[in-house]
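Asks:
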Amino acid sequence: MSSLDQLSLDALRAHAIETYRAGRGTRPEVMLIKLGNERAVLKDFSRSDPWFSRLIGPLAAYREARALRLLEGVPGIPGLIRRVNPRAILMQHIDGVPAKQTPKGVVGPEVFERLYRLVEAMHQRGVAHCDLRSGGNTLIDSHGQPYFVDFVSHCVRGRRWNLFLRWAFGKFCEADRVAVARLKKRLAPDLLTAEEMHGLERDRTMLLGRIARFIGDSTRKLSRLILTRKKA
Ligand SMILES: Nc1ncnc2c1ncn2[C@@H]1O[C@H](COP(=O)(O)OP(=O)(O)O)[C@@H](O)[C@H]1O
Ligand SMILES: [Mg+2]
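Structure below.
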């Protein structure tokens, strides 16, 4: 058993060497922890604003941990090390750069092929990410291997009889694929295929996508208004 398996939340925090995201408002604290040669990432919703942390924190940490468990062993998804407490999880560290910080023109076609394969492997396990539009949730390492993080918004495939959930899951899978096309449009527009351009155009006008975005934005604004002290 590694030592990261045993440390308390405070002890883990004492070994933080970098803060990826400061916790405030509806946001968790995300930190890189280093212990000897071991590295891990601590995502801690107890550092969000108190009411958000109390009411939503356990649900958010549960959802992220559930997705990581469902995706265990998929190359490109960080492994869950453990749920440190109801509001905090510890996961494998990915040594990569967020896609939003990747400059245009440096990413080749093989990276997008890998991204589509990763999206496919995730969907095969019954998980749609649902937040790949955010360029902070895709990391790319120095070998061009992509990774996905931040599974709080994920959606799982419904049971066989649940036709509505299965239909919605299909739509969320499509949204994940369109997010890859969107990233390609930003980083390597010359590589876009006619099918991808068609997907991007359809996404722009798709009613379900617009409704989902509206619900997502409104929920976020409402929880900020009710559960946090100031705008995050
Ligand atoms: N497992 C990880 N390995 C490396 N960096 C990570 C990992 N998880 C998160 N990060 C970094 O922390 C940032 C914020 O984490 P994220 O889970 O996306 O939180 P938020 O919900 O606040 O967006 C990410 O954009 C990424 O740069
Ligand atoms: Mg994120």
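So in this note's numbering, spot 226 of the sequence shown is number 1229, and the numbers just go up one at a time. The beta-carbon is built from N, C-alpha and C at its ideal position, and this holds for glycine as well.
(1) Note down, in chain order, each residue of its chain lying with its Cβ closer than 7 Å to the Cβ of T1222, except the 5 sequence neighbours on either side.
(2) Got a sec, what are the start and stop residues for the alpha helix (DSSP H) E1123 sits in?
(3) Counting beta carbon pairs with one atom in the region 1060-1076 and one in the region 1105-1116, are three or more of them shorter than 8 Å?
(4) Should D1179 and H1132 be called a contact, given that it needs their Cβ atoms to be closer than 8 Å?
(5) Output needed for V1122: all residues of its chain with C-beta closer than 7 Å, excluding positions within five of it in sequence on either side, in chain order.
(6) Rounded to the nearest angstrom, what separates L1012 and F1217 at their Cα positions?
(7) Any idea what DSSP makes of F1154, helix, strand or coil?
(8) Can you tell me whether A1064 is helix, strand or coil according to DSSP?
(9) Just the Cα atoms here: how many angstroms apart are P1061 and E1067?
(10) Skipping 5 residues on each side, what residues in its chain have a beta carbon closer than 8 Å to that of R1085?
(11) Pick out the complete beta strand (DSSP E) segments inside the region 1014-1078, 3 residues or longer, and give them in chain order.
(12) What is the DSSP secondary structure of P1192, reduced to helix, strand or coil?
(13) From S1056 to R1227, what does the alpha carbon distance come to, in whole angstroms?
(14) First and last residue of the beta strand (DSSP E) that includes F1094?
(15) So, at 6 Å on beta carbons, what are the nonlocal neighbours of W1164 in its own chain, with the 5 sequence-adjacent residues on each side left out?
(16) Give me the DSSP bridge partner(s) of A1171.
(17) Can you determine whether any heavy atom of ligand 2 sits closer than 7 Å to the C-beta of N1040, and answer yes or no?
(18) Do the region 1099-1112 and the region 1135-1146 meet, that is, are 3 or more Cβ pairs less than 8 Å apart?
(19) What is the DSSP secondary structure of D1179, counted as helix, strand or coil?
(20) So G1202 is in the alpha helix (DSSP H); what residue range does that whole segment cover?
Replies: Quick answer:
(1) If you number the sequence shown from 1, residue 1222 lands on position 219. Contacts found: none.
(2) For the purposes of this step, residue 1123 is taken as residue 120 along the sequence shown, with counting starting at 1. Element bounds for E1123: P1112 to Q1127.
(3) Output reads no: the region 1060-1076 does not touch the region 1105-1116.
(4) As a position in the sequence shown, residue 1179 is number 176, starting the count at 1. As a position in the sequence shown, residue 1132 is number 129, starting the count at 1. Taking 8 Å as the cut-off, the Cβ atoms of D1179 and H1132 count as close.
(5) Walking along the sequence shown from the start, residue 1122 turns up at place 119. Here the set comprises D1179, R1180 and V1183.
(6) Counted from its first residue, the sequence shown places residue 1012 at position 9. Counted from its first residue, the sequence shown places residue 1217 at position 214. L1012 and F1217 have their C-alpha atoms some 36 Å from each other.
(7) Position 151 of the sequence shown holds residue 1154. DSSP places F1154 in coil when its eight states are reduced to three.
(8) Residue numbering aside, residue 1064 sits at position 61 when the sequence shown is read from its first letter. In the structure shown, the three-state DSSP call for A1064 is helix.
(9) Translated into the one-based positions of the sequence shown, residue 1061 becomes position 58. Translated into the one-based positions of the sequence shown, residue 1067 becomes position 64. A direct Cα-Cα distance of roughly 10 Å separates P1061 from E1067.
(10) Position 82 of the sequence shown, counting from 1, holds the residue named residue 1085. Correct list, in chain order: D1008, I1092 and L1093.
(11) If you keep only unbroken beta strand (DSSP E) runs of at least 3 residues inside the region 1014-1078, you get 1019-1024, 1032-1038 and 1041-1047.
(12) What you label residue 1192 is simply residue 189 of the sequence shown in a count that begins at 1. Residue state, collapsed to three classes: helix.
(13) On the sequence shown, position 53 is the one that residue 1056 refers to. On the sequence shown, position 224 is the one that residue 1227 refers to. Linking S1056 to R1227 through their CA atoms gives a straight-line distance of about 11 Å.
(14) By one-based count along the sequence shown, residue 1094 stands at place 91. Just to set this straight, residue 1094 is Met in the shown sequence, not Phe. Going by DSSP, M1094 is part of the beta strand (DSSP E) stretching over A1091 to Q1095.
(15) For the purposes of this step, residue 1164 is taken as the residue at position 161 of the sequence shown. The answer is none, since no qualifying residue turns up.
(16) Numbered from its first residue, the sequence shown carries residue 1171 at position 168. DSSP, once it has assigned bridges, lists no residue as partnering A1171.
(17) Start at 1 with the first residue of the sequence shown, and residue 1040 comes out as number 37. No, Cβ of N1040 sits at least 7 Å from all heavy atoms of ligand 2.
(18) Because the criterion of three Cβ pairs below 8 Å is met, the region 1099-1112 and the region 1135-1146 touch.
(19) Working through the sequence shown from its first residue, we reach residue 1179 at position 176. Judged by DSSP in its simplified three-state form, D1179 adopts helix.
(20) In the sequence shown, residue 1202 corresponds to position 199, counting from 1. A1197 to T1208 is the extent of the alpha helix (DSSP H) around G1202.
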